[in-house]
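Residue numbers (my numbering): 1162 to 1332. Where is the CB? At the ideal position from N, CA and C, for every residue including glycine. One structure below.
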Amino acid sequence: MEIPASAQKILNAETAALKVDRIVFQILENTFHSPEIVMIGIKDGGYIIAEKIAEKINHYYPEKKVALLSLTIDKINPVGNTILLEPNSNLEGKTIVLIDDVANTGKTMFYTFNELTKYKIEKLITCVLIDRTHKKFPIQSDIVGLQMATTFNEHIIVKIENNEIEGAYLF
């Protein structure tokens, strides 16, 4: 989706980096007793944010084992379409951190949970960089970088360039 010229920048690169740092420490606090965590980034933006988080966890807490997976889902029409988790991994008994860039209606995470119920996981933590406070599905993010009340007619896009978060825009 193209960002209109009238869009309001709600996060710049520096502020987004600070939000990611805070998310990293919240994840570490919530997974303190887990020797290994599996970061699952919802493609595309969620995966890039998951990469950033995994890098920072490895930097701040190198003894914590971190696996990084990508999840591909048709965000518009998830029913009946394949949800792809790569690389193929056994998630039995694991602590999972599911990451997306923006939580809009909760639909993407709702249908993603269906895929994750195939495994007997130890713990599931949901994480988003930006959480819009209105939901159509009963999904609440555990860790949030920025929470915003928006209308159903407004849109938020996290802009990523060269695998770096450039900013986030509201329009």
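Buried or exposed: residue i, going by 16 or more other Cβ atoms within 10 Å of its Cβ?
{"i": "ASN1265", "result": "buried"}
{"i": "ASP1205", "result": "exposed"}
{"i": "ASP1292", "result": "buried"}
{"i": "ASP1261", "result": "buried"}
{"i": "LYS1268", "result": "buried"}
{"i": "THR1243", "result": "exposed"}
{"i": "MET1162", "result": "exposed"}
{"i": "TYR1208", "result": "buried"}
Would residue i and residue j be called neighbours here (beta carbons separated by less than 8 Å)?
{"i": "VAL1181", "j": "ILE1218", "result": "no"}
{"i": "LEU1290", "j": "ILE1257", "result": "no"}
{"i": "GLY1328", "j": "ALA1166", "result": "no"}
{"i": "LYS1226", "j": "GLU1247", "result": "no"}
{"i": "PHE1332", "j": "GLU1315", "result": "yes"}
{"i": "LYS1255", "j": "ILE1282", "result": "yes"}
Please list the terminal residues of the continuous beta strand (DSSP E) segment that includes residue i.
{"i": "ASP1292", "result": "1284 to 1293"}
{"i": "GLU1325", "result": "1325 to 1331"}
{"i": "MET1270", "result": "No beta strand (DSSP E) holds MET1270; the alpha helix (DSSP H) holding it covers 1268 to 1277."}
{"i": "SER1231", "result": "1226 to 1233"}
{"i": "ASP1262", "result": "1256 to 1264"}
{"i": "GLU1247", "result": "1245 to 1247"}
The stretch 1237 to 1251 touching the stretch 1263 to 1281, judged by at least three CB pairs closer than 8 Å | The answer is yes - the stretch 1263 to 1281 touches the stretch 1237 to 1251, with three or more Cβ pairs under 8 Å.
Considering only residues of the stretch 1183 to 1219, which uninterrupted beta strand (DSSP E) runs meet the minimum length of 3 residues and lie entirely inside it, listed in chain order?
-> 1197 to 1203
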